[in-house]
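Counting in the working numbering, the sequence shown runs from 50 upward without gaps.
Note that CB positions come from ideal geometry on N, CA and C, so glycine has one too.
To start, the structure under review is shown below, and the notes come after it.
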Amino acid sequence: MCKKDLCEQIIALVSEVTEVEASGIMSGNKRPDVVDARHLAIFLMLEKGVHIYRVALFMGMTERNVYHVKERFEDRMRYGDPMIENY
Numbered sequence: 050m051c052k053k054d055l056c057e058q059i060i061a062l063v064s065e066v067t068e069v070e071a072s073g074i075m076s077g078n079k080r081p082d083v084v085d086a087r088h089l090a091i092f093l094m095l096e097k098g099v100h101i102y103r104v105a106l107f108m109g110m111t112e113r114n115v116y117h118v119k120e121r122f123e124d125r126m127r128y129g130d131p132m133i134e135n136y
């Protein structure tokens, strides 16, 4: 499976589970539920072996932003929305 297809599947899955539209996850929306969904999607992409460069390209972000999400994901889970752990 190509990485783009994998990323699209992850976005669809996160969208379904979090009830945040895929377009919202891919946007720059800063609403907490959308940010949580976006961070969860990025975390899953990285866990599945998609390189930071590819995630950044797919999400329309910089590599630095993706790296920041990766480094801060556990803190976001711990101190952010308690529902993110359930996803």
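> Where does Met126 sit, in a helix, a strand or coil, going by DSSP?
Replying inline: helix
>> With H, G and I counted as helix, E and B as strand and the rest as coil, what does DSSP make of Met94?
In response: helix
>> If the criterion is Cβ atoms closer than 8 Å, does the pair Ile60 and Ala71 meet it?
In response: yes
> Any idea what DSSP makes of Glu70, helix, strand or coil?
Replying inline: coil
> Can you give the Cα-Cα distance for Thr67 and Leu95, rounded to whole angstroms?
Replying inline: 19 Å
> Looking at the unbroken alpha helix (DSSP H) that takes in Arg103, where does it start and where does it end?
Replying inline: 101–108
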